[in-house]
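Engineer: In UniProt numbering, the protein residues as written are 1 to 297.
All residues carry an ideal CB built from backbone N, CA and C; glycine is no exception.
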């Protein structure tokens with residue numbers, strides 16, 4: 001297939017684009033600079049320089065492709081609308097990347113017993129309402145001749161398959177630890193996130209490209225872990241002693257409001273049946289703490 005991938009210079013998009021090439025697909029990737037374009041060319045990906053604000057460019061690429069994967073911003077509604085408008089009535093695949101912070105509770109590091117399922121999602125918080133509205137727009141496009149899906153990733157770990165980029169959450173903990181000499185988590189670190197290895201994420205996108213049922217929402221997870229378990233593993237790998245609790249206000253000063261409250265300070269516990277039952281997805285990596293201990297550092 002000829003696949004157009006946005007965010008092709010990023011951690012998720014770059015890994016997906018590389019995985020597609022390795023699987024024999026032709027890939028065109030949206031990048032922002034000539035430097036990024038050179039990186040993609042070296043990986044066998046055809047670069048297109050532009051941004052998510054270039055609606056005409058996005059539409060042209062979507063019409064020229066057999067399938068589209070949006071792996072750039074989960075929150076750029078205008079880009080999604082441009083892509084959907086170009087794909088409407090074509091029955092082409094459109095895979096949109098979302099994230100499970102949409103069910104995050106901003107608990108400040110406290111634990112929660114609440115688990116969310118794909119067919120029983122909560123009303124979004126004010127902070128996440130716009131992202132959920134985009135997800136719903138994409139799912140509804142299945143009624144307009146778009147083979148659409150929302151792929152809602154949890155905490156992703158592992159090394160990128162293509163361009164050398166970091167994932168969102170754990171590398172921030174690692175960077176802070178190396179800077180300060182102390183591994184820290186938000187609050188007491190009892191908060192729990194579902195998680196998944198990047199190689200298993202790529203495998204899911206490859207399956208969805210040919211097996212998706214239009215209008216499907218997928219949670220992507222192969223396990224879960226509390227942050228204190230992850231920071232304990234990180235501290236052991238770095239030989240830095242026990243991890244420390246960090247007040248939310250200090251975490252916000254280091255990582256910003258969104259990352260401290262949702263990316264690192266919330267619970268996001270979900271279960272994904274659709275990928276396993278509808279696509280036959282079978283993740284191979286199931287322990288984030290083992291990866292931290294033996295591969296991250």
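(1) Would a C-beta distance cut-off of 9 angstroms place residue 116 and residue 271 closer than the cut-off?
(2) Should the region 89-98 be called in touch with the region 139-150, which here means at least 3 C-beta pairs below 8 angstroms?
(3) Roughly how far, in whole angstroms, is the beta-carbon of residue 206 from the beta-carbon of residue 20, given that I think they are within contact range, below 8 angstroms?
(4) Alpha carbon to alpha carbon, what distance is there between residue 231 and residue 173?
(5) Beta strand (DSSP E) containing residue 281: first to last residue?
(6) Taking the runs of the beta strand (DSSP E) that are 3 residues or longer, which of them lie wholly in the region 206-291?
(7) Which term fits residue 128, buried or exposed, when burial requires 16 or more other beta carbons within 10 angstroms of its beta carbon?
(8) Between the region 121-135 and the region 177-196, do three or more beta carbon pairs fall short of 8 angstroms?
(9) Quick test of the definition: if touching needs 3 or more C-beta pairs under 8 angstroms, does the region 9-24 touch the region 152-167?
(10) Straight-line CA distance for residue 276 to residue 221?
(11) Beta carbon of residue 73, beta carbon of residue 49: below 9 angstroms?
(12) Three-state secondary structure (DSSP) at residue 25?
(13) Please report the distance separating the alpha-carbon of residue 204 from that of residue 282.
(14) Helix, strand or coil for residue 99? Go by DSSP, reduced to three states.
(15) Does the distance from the CB of residue 100 to the CB of residue 226 come in under 9 angstroms?
(16) Would you grab the beta carbon distance between residue 349 and residue 83 for me? Rounded to a whole angstrom, and I think it's under 8 angstroms.
(17) Go through its chain and collect everything with a Cβ distance to residue 107's Cβ below 8 angstroms, but skip five positions before and after it.
(18) For a test of the three-state rule: what should DSSP assign to residue 194, helix, strand or coil?
(19) Report the three-state DSSP secondary structure of residue 187 (helix, strand or coil).
(20) For residue 155, which of helix, strand or coil comes out of DSSP?
(21) Can you check DSSP and say which residues form a bridge with residue 46?
(22) Pick out whichever of 113, 88, 45 has its Cα sitting closest to the Cα of residue 143.
(23) Quick check on the burial criterion: 16 or more other C-beta atoms within 10 angstroms. Buried or exposed for residue 102?
(24) Thinking just about the alpha-carbon of each residue, which of 118, 159, 3 is nearest to the one in residue 139?
(25) What separation, rounded to the nearest whole angstrom, lies between the Cα atoms of residue 3 and residue 45?
(26) If we ignore side chains and look at the alpha-carbon of each, how far apart do residue 37 and residue 66 end up?
(27) Report the rounded CA-to-CA distance for residue 6 versus residue 18, giving the unit in angstroms.
Structural biologist: The short version:
(1) Yes, the Cβ-Cβ distance between residue 116 and residue 271 is below 9 angstroms.
(2) yes
(3) 7 angstroms
(4) 8 angstroms
(5) Here residue 281 belongs to no beta strand (DSSP E), and DSSP marks it neither H nor E.
(6) For the region 206-291, the full-length beta strand (DSSP E) segments reaching 3 residues or more read 216-220, 224-226, 244-246 along the chain.
(7) buried
(8) No, because fewer than three Cβ pairs between the region 121-135 and the region 177-196 fall closer than 8 angstroms, the two stretches do not touch.
(9) yes
(10) 10 angstroms
(11) no
(12) In the three-state reduction of the DSSP assignment, residue 25 falls in the coil class, being assigned neither a helical nor a strand state.
(13) Answer to the nearest angstrom: the Cα atoms are 9 angstroms apart.
(14) Secondary structure at residue 99: strand, using DSSP grouped into helix, strand and coil.
(15) Cβ distance not < 9 angstroms, so residue 100 and residue 226 don't count as in contact.
(16) What is shown of the chain runs 1 to 297, which leaves residue 349 out entirely.
(17) 187, 191, 265, 266, 267
(18) Of the three classes helix, strand and coil, the one that applies to residue 194 here is strand, per DSSP.
(19) strand
(20) strand
(21) 28
(22) 88
(23) buried
(24) 118
(25) 10 angstroms
(26) Whole-angstrom Cα-Cα distance: 21 angstroms.
(27) 13 angstroms
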